[in-house]
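Undergrad: For the sequence shown, numbering that gives the first Met the number 0 assigns the number 0 to the initial residue and increments by one for each residue that follows.
Don't be surprised by glycine CBs; every beta carbon is placed ideally from N, CA and C.
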Amino acid sequence: MSTVSEPGGIEALYPFLAPGPVDREAVLADLRESTRRKAAEIVELRRSLVALHAERLVACAREMAAAFDAGARLFAFGNGGSSTDAQAVVQLFAHPPSPARAVAAVPLAQDVALLTALSNDVGYELVFARQLAALGRPGDVAMGLSTSGGSANVLNAMGEASRRGLLTVGLVGYDGGPMAQDGRVAHLFVVPSVSVHRIQEAQITLCHVLWELAQRALTGEL
C-alpha cells in the first residue's frame, strides 16, 4: 500500500500535499494543463454523443412524453455518483423552471431507512427492483444510471421494470457492459469513455437533453 512518502503515492496525485519544498509554479502549471485537458475531453465527448445518439434521444423523449401525458411517473436510480445524478434528474423533471411542465418523479435511493432495510433483509442487489415491484405501474418510466452497465441492483431493477411493463431508459459508460447485452432496456445510451468522471458528466448532459426534448414533445413542438 502506497503512502505519502513512497514514489507514486498520494503526492503523485496531489503534489501540494507532499512534505518538503514544493515548486509552486510547476504545480500550478500542471493544474492548469490538467484542467485544460479535462475540459477539452468532456467537450469532445459531448459533441460525439450528438452523432451517436441524436435520433434515439428524440425517439426516447417522445415515448417518455407520451407516457407522462398518460399519467406516468419517473423512477430514477443508481449507485454513488450515479445516485446523485438520478436525484438531480428527478429534481429537474419534478420541479422544472417555469413554465415547463412538472412530472411526478421519484429517486429510489432517497430513503435511507428503506435502503438499509432492503439491503439487510433482502440483499443490496434488489434494493431498486423491490421498490419498482411495489411502486411501479405499467406505463411508468424507469431510468437507471450506471457507469459500468454492470451494477447488479440496476440490472435487476431494469429487468423488473421490463417485466412490469415500464418504459426503461438506461445510461451507461464504457462499452455498455451487461446492460447492453441482453436487450432488457428499451432505450440505452452508451457514453463511450473509460473515465468515470467523463462518463458521469456526459450522462447528466444526456439527461438534460432528454428533459428538454420531452418538454418540447409535451407541448407538441417535437
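So what's V184 in DSSP terms, helix, strand or just coil?
TA: V184 falls in the coil class under three-state DSSP.
Undergrad: Measuring alpha carbon to alpha carbon, tell me which of V208, V171, H207, Q180 ends up nearest V190.
TA: Residue V171 is the option with its Cα nearest to V190.
Undergrad: In the DSSP assignment, find the unbroken beta strand (DSSP E) run with L166 in it and report its ends.
TA: Element bounds for L166: 166-172.
Undergrad: With distances taken from CA atoms, which of V88, L48, V121, A28 is nearest Q109?
TA: Taking only the C-alpha atoms, the option nearest Q109 is V88.
Undergrad: Mapping the DSSP letters down to three states, classify L106 as helix, strand or coil.
TA: A quick correction: the sequence has Pro, not Leu, at residue 106. Strand at P106.
Undergrad: If we count the other Cβ atoms within 10 Å of its Cβ and call it buried at 16 or more, is N119 buried or exposed?
TA: Burial call: exposed.
Undergrad: Where are the beta strand (DSSP E) runs, 3 residues long or more, that stay fully inside the segment 32-81, in chain order?
TA: Runs of the beta strand (DSSP E) inside the segment 32-81: 73-76.
Undergrad: Per DSSP, which one or two residues make a beta bridge with A160?
TA: Answer is none; A160 lacks a bridge partner.
Undergrad: Once the 5 residues before and after G138 are set aside, which same chain residues still bring their CB inside 8 Å of it?
TA: Once the five neighbours on either side are set aside, the close Cβ partners of G138 are A66, A69, G70, A71, G164, L165, L166.
Undergrad: Based on Cα-Cα distance, which residue from L113, A64, N155, L144 lies nearest to T204?
TA: Per the Cα distances, L144.
Undergrad: Along the chain, where does the alpha helix (DSSP H) that runs through A216 open and close?
TA: Element bounds for A216: 195-217.
Undergrad: If you draw a straight line from the alpha carbon of F76 to that of G135, how long is it in whole angstroms?
TA: The straight-line gap from Cα to Cα measures roughly 13 Å.
Undergrad: Let's test the definition: count the other Cβ atoms within 10 Å of the Cβ of E200 and tell me whether it reaches 16, buried, or not, exposed.
TA: Buried, by the Cβ-count rule.
Undergrad: Tell me which residues share the same chain as E5 and place their Cβ nearer than 7 Å to its Cβ, disregarding the 5 neighbours each side in the sequence.
TA: Here the model assigns E5 a pLDDT of 49, short of 50, so the residue's position is not dependable and the matter cannot be decided.
Undergrad: In three-state DSSP terms, what is Q90?
TA: Q90: helix per DSSP, three-state reduction.
Undergrad: Quickly, what does DSSP pair M142 with across the bridge? List them, please.
TA: Answer is A75, V168, bridged to M142.
Undergrad: Excluding the 5 residues preceding and the 5 following V195 in the sequence, name in chain order all residues of the same chain whose CB lies nearer than 6 Å to its CB.
TA: Closer than 6 Å at the Cβ level, and outside the excluded window around V195, lie T146.
Undergrad: Excluding five sequence neighbours on each side, which residues of the same chain lie with their C-beta closer than 6 Å to the C-beta of A128?
TA: Closer than 6 Å at the Cβ level, and outside the excluded window around A128, lie N155, A156, E159.
Undergrad: I'd like to check one pair, L209 with C59: are the Cβ atoms closer than 9 Å?
TA: Closer than 9 Å, so yes.
Undergrad: A103 CB to nearest chain D CB: under 9 Å?
TA: Looking at the structure shown, chain D is missing, and only one protein chain is on hand.
Undergrad: Compute the beta-carbon to beta-carbon distance between P64 and A213, rounded to the nearest angstrom, for a pair I have assumed lies under 8 Å.
TA: First, the residue type needs correcting, since residue 64 is Ala and not Pro in the sequence shown. The pair is a contact, with the Cβ atoms about 5 Å apart (cut-off 8 Å).
Undergrad: Please list the terminal residues of the continuous alpha helix (DSSP H) segment that includes R136.
TA: No alpha helix (DSSP H) contains R136, which DSSP labels as neither H nor E.
Undergrad: Of all the options G175, P96, A132, which has the alpha carbon lying nearest to the alpha carbon of G149?
TA: Among G175, P96, A132, the Cα nearest to that of G149 belongs to G175.
Undergrad: Suppose you measure from the CA of S161 to the CA of S81; what does that come to, to the nearest Å?
TA: The straight-line gap from Cα to Cα measures roughly 21 Å.
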